[in-house]
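Participant:
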Amino acid sequence: NAGVTQTPKFRVLKTGQSMTLLCAQDMNHEYMYWYRQDPGMGLRLIHYSVGEGTTAKGEVPDGYNVSRLKKQNFLLGLESAAPSQTSVYFCASRPTVNQPQHFGDGTRLSIL
Amino acid sequence: SQQGEEDPQALSIQEGENATMNCSYKTSINNLQWYRQNSGRGLVHLILIRSNEREKHSGRLRVTLDTSKKSSSLLITASRAADTASYFCAVSGNTPLVFGKGTRLSVIA
Chain P
19 NAGVTQTPKF RVLKTGQSMT LLCAQDMNHE YMYWYRQDPG MGLRLIHYSV GEGTTAKGEV
79 PDGYNVSRLK KQNFLLGLES AAPSQTSVYF CASRPTVNQP QHFGDGTRLS IL
Chain B
102 SQQGEEDPQA LSIQEGENAT MNCSYKTSIN NLQWYRQNSG RGLVHLILIR SNEREKHSGR
162 LRVTLDTSKK SSSLLITASR AADTASYFCA VSGNTPLVFG KGTRLSVIA
């Protein structure tokens with residue numbers, strides 16, 4: 019039982035490049051989330067999903083897109099990376115609302 | 102916003118001492134959750150306290166909740182060097198969890 023797995027763990031991009039971060043969970047959870055964590059800023063919610071085929075905007079959605087084509091996977095895309103998107107990205111999932119969240123170990127993304 | 106705000110931002114104690122950190126929030130909640138984050142890792146859930154509960158224990162952790170003051174506290178008793186981490190509270194209503202900036206706890210051996 020792997021829990022929440024994020025790939026890749028590290029990535030360096032050049033400004034303007036695109037990439038997709040993958041989050042996979044094997045717990046059959048309905049709810050999935052993408053956060054970014056910056057020094058001194060805590061975790062900020064980017065996008066989330068309340069079930070397969072659904073997505074919704076969080077606190078800081080600009081510059082990101084997401085897709086939830088399969089229940090177990092939640093993809094975060096950067097279409098044109100900017101240095102301001104340098105951050106650590108965390109994915110989380112939970113079975114229903116009001117339950118604890120399970121987190122992956124993060125993707126460290128640097129944009130030059 | 103349902104965001105929880107932790108206090109203090111940083112706390113340094115000696116091994117064996119107790120550590121107390123606080124969380125304040127602004128809206129009504131279904132429950133309040135505490136998480137720990139070790140350096141370079143994701144958050145790990147520690148304990149959940151429902152809005153109709155006032156106190157909850159889990160091992161060396163004790164959480165209190167005062168809904169009239171919209172505040173919670175996390176007490177770690179007999180701290181160990183391994184407790185060094187950042188601690189976050191998150192309030193849960195009918196919207197996604199929103200986390201505060203955390204309390205960074207350093208336990209010195």
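Chains P and B, in that order, are what the protein sequence lines are. Straight run, no breaks: the first sequence in the numbering used here ends on number 130. Straight run, no breaks: the second sequence in the numbering used here ends on number 210. Don't be surprised by glycine CBs; every beta carbon is placed ideally from N, CA and C.
Given G76 of chain P, which residues of its chain have a CB within under 7 Å of its CB, disregarding the five upstream and five downstream residues?
Facilitator: L63, I64, H65, Y66
Participant: Verify the CB distance criterion: does G143 of chain B have a CB-CB separation below 8 Å to chain P?
Facilitator: yes
Participant: Pull out every residue of the segment 117–130 of chain P whose Cβ sits closer than 7 Å to any Cβ of chain B, in chain order.
Facilitator: P118, Q119, F121, G122, D123, G124
Participant: Applying a beta-carbon distance threshold of less than 8 Å, which residues of chain P neighbour H146 of chain B?
Facilitator: P118, Q119, H120
Participant: When you compare the segment 176–193 of chain B with the segment 138–157 of chain B, are there three or more beta-carbon pairs, one atom per stretch, that lie closer than 8 Å?
Facilitator: yes
Participant: Between B:H146, B:K171, B:R205, which has its C-alpha nearest Q110 of chain B's C-alpha?
Facilitator: B:R205
Participant: Consult DSSP for S102 of chain B and reduce its assignment to one of helix, strand or coil.
Facilitator: Annotation note: pLDDT 48 at S102 of chain B (below 50); position unreliable, no value reported.
Participant: Distance check for E156 of chain B and D80 of chain P, CA to CA, integer angstroms please.
Facilitator: Cα atoms of D80 of chain P and E156 of chain B: separation of roughly 40 Å, rounded to the nearest angstrom.
Participant: Of the residues that make up the segment 105–116 of chain P, which ones have a beta carbon closer than 7 Å to any beta carbon in chain B?
Facilitator: Here the close residues are F108, V115, N116.
Participant: For a minimum of 3 consecutive residues, which ranges assigned as the beta strand (DSSP E) are wholly contained in the segment 143–169 of chain B?
Facilitator: 144–151, 156–159, 162–167
Participant: Is it buried or exposed for E97 of chain P, if we count other Cβ within 10 angstroms and need 16 for buried?
Facilitator: exposed
Participant: Return the CA-CA distance between L216 of chain B and L166 of chain B, expressed in angstroms with no decimal places.
Facilitator: Only positions 102 to 210 of chain B appear in the structure, and residue 216 of chain B is not among them; the question remains open.
Participant: Report all residues from its chain with a CB closer than 6 Å to the CB of S102 of chain B; omit the five preceding and five following residues, and keep chain order.
Facilitator: Reliability fails at S102 of chain B, whose pLDDT of 48 lies under 50, so the model's placement of it is uncertain and the value that follows must be treated cautiously. Same-chain partners within the cutoff: there are none.
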